[in-house]
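2 protein chains.
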Amino acid sequence: MLLRSGDLESAESRFRARLINSASGVRSAVLIGTKSIKGTENLAIFSTVFHVGANPPLIGFLMRPVNRVRHTYENISKTGFFTVNHIPYSARAAAHQTAAQYPEHRSEFEACGFSPEYIEDFFAPFCAESPVRSGCSIEYETEIPANGTRLMVGRILWLDVADGLTAPDGFIDLAKAETAAVSGLDGYHKVGRPERYSYPEPERKPKILKP
Amino acid sequence: MLLRSGDLESAESRFRARLINSASGVRSAVLIGTKSIKGTENLAIFSTVFHVGANPPLIGFLMRPVNRVRHTYENISKTGFFTVNHIPYSARAAAHQTAAQYPEHRSEFEACGFSPEYIEDFFAPFCAESPVRSGCSIEYETEIPANGTRLMVGRILWLDVADGLTAPDGFIDLAKAETAAVSGLDGYHKVGRPERYSYPEPERKPKILKP
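Okay, structure coming up:
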């Protein structure tokens, strides 16, 4: 099925949203944890999280210019801190539910059944159920002019990984962690066992690394 | 395992790179296809592709400020066009190999065993082996000051999805497409069947959508 510009423009808007969203592929699903200056905890699902750099350790995500994510944006803007929590596949329905438009005073931790916890001297709550979680300070943000989406880049101040997931060389096994991946607007996936390959060099076939 | 800023700073650099890269989660692996003004075709693997918007249809990726991706960046800067090709899981080793530092005149399509094809009136080659592929014009780019990484945003001019993968509502089944997901610097994963959930509303449990 080949769709050109004109076909995409004339497509029904929700069909186009599902199609174009799917076309970016399978991504990690994370819950972003924040707290307002009034003390209300917030938890919201995001599917556009990506690696920005390791030194300094940076992680980025995109924020749509829509109502439903306003609490997360306001909390980050005003307090400077957030957590990134990978979602257990078993908690996919509850994580999806954090995208519902709850009133400002209502915590999605409580409404959706997640447990807020804190690391000493860090303002934002993390998700106790998450096997891979990190705490960040906002480092940089900018607007993408074409549609007003905001790029948010955080500096990782701490990283907490459940026992038994990290290889001696630093690789985290996210299949063993049983985290969820997401596709389109509403599809949740398990991921299979990782197969790792050696550093690529020209004219030499990559070897499979032993687990 | 809790690592704080100081632990991350003092970690061995390759360990830190693998760890922080893994911490952003499982992502889609794509091959970006370009062509130089001299006519040399280029194909390179990227793991930081994300959805930016559906109207207009936009897709983004990050480009590290390193040698190995310079051909892709130069080609996009000078010609304005690129393709985004999802990777069949069966071609993961060949796709990984496109990251090797081939000389400028050498096409990774040829070196790694992929077939370049063209859509009428579109400059950049796509990958015939890819079940989900799109053609883009560069719409916006900006540098992330913290580490010189470049954010590239493309406008999707065409989208081509293999038959039998798109649901009537626009959702593309990437598990059926057997595309690869990636984690860390070198881990490749299959993804399981998607489970889809209904639009989230407060105080109502999301329902599983029938496939």
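Top to bottom, those sequences are chains A and B. Residues in the first sequence are numbered consecutively from 278, following my numbering. Residues in the second sequence are numbered consecutively from 278, following my numbering. The beta-carbon is built from N, C-alpha and C at its ideal position, and this holds for glycine as well. Computed from a prediction, not measured in an experiment: that's the story for all the values here.
With a CB to CB cut of under 6 Å and the five nearest residues on each side skipped, what residues in its chain are close to residue i?
i: A:Tyr-417; result: Val-430
i: B:Lys-453; result: Leu-442
i: B:Cys-389; result: Ala-371, Gln-374 and Thr-375
i: B:Tyr-350; result: Met-340
i: B:Phe-327; result: Gly-337
i: B:Tyr-366; result: Glu-455, Ala-457 and Lys-467
State the beta-bridge partners of residue i as determined by DSSP.
i: A:Lys-312; result: A:Glu-318
i: A:Met-278; result: Its beta-bridge partners do not exist; DSSP assigns none.
i: A:Phe-323; result: A:Val-307
i: B:Pro-393; result: B:Cys-404
i: B:Glu-478; result: B:Arg-481
i: B:Val-430; result: B:Gly-337 and B:Tyr-417
i: A:Ser-411; result: A:Val-361 and A:Leu-436
i: A:His-328; result: A:Ile-336
Quick one: using the 10 Å Cβ neighbour count with 16 as the cut-off for buried, is residue i buried or exposed?
i: B:Gly-425; result: exposed
i: B:Asn-344; result: Its pLDDT being 46, under 50, B:Asn-344 is placed unreliably by the model, and nothing is read from it.
i: A:Ser-287; result: exposed
i: B:Gly-464; result: buried
i: B:Pro-488; result: exposed
i: A:Asp-450; result: buried
i: A:Pro-483; result: buried
i: A:Ala-405; result: exposed
i: A:Glu-420; result: exposed
i: B:Gly-302; result: buried
i: A:Gly-283; result: exposed
i: B:Leu-280; result: buried
i: A:Ile-485; result: exposed
i: B:Pro-422; result: exposed
i: B:Glu-385; result: buried
Sorted by chain position, which residues of the same chain lie with C-beta nearer than 7 Å to residue i's C-beta, five sequence neighbours on each side aside?
i: A:Ser-324; result: Arg-304, Ala-306 and Val-459
i: B:Pro-333; result: Arg-432
i: A:Pro-471; result: Asp-450 and Ala-452
i: A:Val-329; result: Leu-335, Ile-336, Gly-337 and Val-430
i: A:Ser-299; result: Ser-460 and Gly-461
i: A:Ile-322; result: Ala-306, Leu-308, Ala-372, His-373, Thr-375 and Ala-376
i: A:Asn-352; result: Thr-311, Lys-312, Ser-313 and Asn-319
i: A:Ser-354; result: none
Using a Cβ cut-off of 7 Å, pull out every chain D residue sitting near residue i, in sequence order please.
i: A:Leu-308; result: This model lacks chain D altogether, as its protein chains are A and B.
Straight-line CA distance for residue i to residue j?
i: B:Ser-475; j: A:Arg-295; result: 13 Å
i: B:Arg-383; j: B:Thr-317; result: 7 Å
i: B:Ala-331; j: B:Ser-411; result: 14 Å
i: B:Phe-399; j: A:Arg-427; result: 30 Å
i: A:Ser-414; j: A:Glu-387; result: 24 Å
i: A:Glu-394; j: A:Val-438; result: 15 Å
i: B:Arg-341; j: B:Arg-347; result: 9 Å
i: B:Ser-313; j: A:Ile-336; result: 31 Å
i: B:Phe-391; j: B:Glu-381; result: 17 Å
i: A:His-466; j: B:Ile-364; result: 17 Å
i: B:Pro-408; j: B:Pro-445; result: 18 Å
i: B:Pro-479; j: B:Glu-455; result: 34 Å
i: A:Gly-447; j: B:Phe-292; result: 5 Å
i: A:Lys-527; j: A:Trp-435; result: A question about residue 527 of chain A goes unanswered here, because the residues of chain A that appear run from 278 up to 488.
i: A:Glu-397; j: A:Phe-358; result: 14 Å
i: B:Glu-289; j: B:Asp-440; result: 47 Å
i: A:Pro-402; j: B:Leu-285; result: 21 Å
i: A:Thr-356; j: A:Asn-319; result: 13 Å
i: B:Pro-477; j: A:Val-361; result: 21 Å
i: B:Gly-547; j: A:Gly-469; result: Because chain B spans 278 through 488 in this model, residue 547 of chain B falls outside it and cannot be assessed.
i: A:Met-278; j: B:Met-278; result: 47 Å
With a CB to CB cut of under 8 Å and the five nearest residues on each side skipped, what residues in its chain are close to residue i?
i: A:Arg-481; result: none
i: A:Arg-369; result: Ala-306, Ala-457 and Tyr-465
i: B:Tyr-379; result: Glu-385 and Ala-388
i: A:Arg-473; result: Phe-448, Ile-485, Leu-486 and Pro-488
i: B:Ile-297; result: Leu-285
Return the chain-ordered ranges of every beta strand (DSSP E) run that is complete within the segment 434-473 of chain A and spans a minimum of 3 residues.
As far as the segment 434-473 of chain A is concerned, its whole beta strand (DSSP E) runs of at least 3 residues are 458-460 and 464-466.
Mind pulling the alpha helix (DSSP H) runs of 4 or more residues that sit fully within the segment 334-370 of chain A?
The qualifying runs are 347-356.
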